[in-house]
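What follows is a single structure, written as structure tokens, with notes after it.
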Amino acid sequence: MMLELFAAAIGGYLLGSVPFGLVLTRLAGLGDIRQIGSGNIGATNVLRTGRKGLALATLLLDGGKGAIAVGLVWVLLGRDMVPVAGFAAVLGHNFPVWLGFKGGKGVATTIGTLLAAAWPVGLACIGTWLVSAAIFRISSLSALIALAASPGFALYFAGPQYALMCAGLAVMGFYRHKANIIRLIRGEEPRIGGKKKAESEG
């Protein structure tokens, strides 16, 4: 059991830690994405380069690596190890050892992980983000609301193990969005379609 836990955690972390945003922008000749905008490696910051295609590719790959981590562990080690691999994949994206533990905020990787681990939970979180975005017009707030709701969705659709994973992902997501939370409290967080600040998301 301990060997399986270790394998799921390490495998998930290593897959999640692949910095696709950094790799793609460097291959495109745009330099180091960490020197642009918020300094994060996620799709939102890649979008600040003006390359929508690269941002979309980063979004899909960041989500895909979470899904692949979950899928591989499910096949090789069984469903019980999926929450471990899912949490580890997002942890790897947010705190990649290759980049001095300075990564992205994990929203895309979280969604990809949830869709693969328990697709009703992933769809519920996406729906929550869309509704919240339509009401508040603030992307980070919508992500935080979806993260906060995810343990309840997981408990209903997938069971306590998945709810625990989502609770851990929510705590990690809130921590990575701490600068956004401060701006939300101050009323300074930019709205969707409005003027963006360099540190808004990423």
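When you read off a place in the sequence shown, starting at 1, and then add 127, the result is the number in the working numbering.
Cβ coordinates follow ideal geometry from the N, Cα and C atoms, glycine included.
These numbers come from a predicted model, not from an experiment.
Classify Glu316 as buried or exposed, calling it buried when 16 or more other Cβ atoms lie within 10 Å of its own Cβ. Under this definition Glu316 is a buried residue.
Nearest-angstrom Cα distance between Arg264 and Ala270? Computed Cα separation, rounded: 11 Å.
Which of the three DSSP states, helix, strand or coil, is assigned to Leu257? Here Leu257 sits in helix by DSSP.
Using a Cβ distance threshold of 8 Å, determine whether the segment 160 to 177 contacts the segment 243 to 263, with at least three qualifying pairs required. They do not touch, by the three-pair rule.
DSSP-derived helix/strand/coil call for Asn307: Of the three classes helix, strand and coil, the one that applies to Asn307 here is helix, per DSSP.
For the alpha helix (DSSP H) holding Ile195, just list the boundary residues, first then last. Element bounds for Ile195: 179 to 204.
Taking the C-alpha atoms as reference points, what is the distance between Leu226 and Gly295? So the alpha carbons of these two residues sit roughly 22 Å apart.
Is Pro146 close to chain E, meaning its C-beta is less than 9 Å from at least one C-beta of that chain? In the structure shown, chain E cannot be found, because there is only a single protein chain.
Using a Cβ distance threshold of 8 Å, determine whether the segment 267 to 284 contacts the segment 244 to 253, with at least three qualifying pairs required. Yes, since at least three Cβ pairs between the segment 267 to 284 and the segment 244 to 253 fall closer than 8 Å, the two stretches touch.
If we count the other Cβ atoms within 10 Å of its Cβ and call it buried at 16 or more, is Leu268 buried or exposed? So Leu268 counts as buried.
Given a threshold of 16 other Cβ atoms within 10 Å of its Cβ, counted over all protein chains shown, does Met208 qualify as buried or as exposed? By the neighbour-count rule (16 or more Cβ atoms within 10 Å), Met208 is buried.
6 Å CB neighbourhood of Leu157 in its chain, flanking five on each side removed: Here the set comprises Thr176.
If I'm right that Ala216 touches Leu142 with Cβ under 8 Å, what's the distance once you round it to whole angstroms? Right, the Cβ-Cβ distance comes to about 6 Å (below 8 Å), so this counts as a contact.
Hey, would you say Gly231 sits closer than 9 Å to Gly148, going by beta carbons? In this structure, Gly148 lies closer than 9 Å to Gly231 by Cβ.
Phe133 versus Trp201: straight-line alpha-carbon distance, rounded: A direct Cα-Cα distance of roughly 14 Å separates Phe133 from Trp201.
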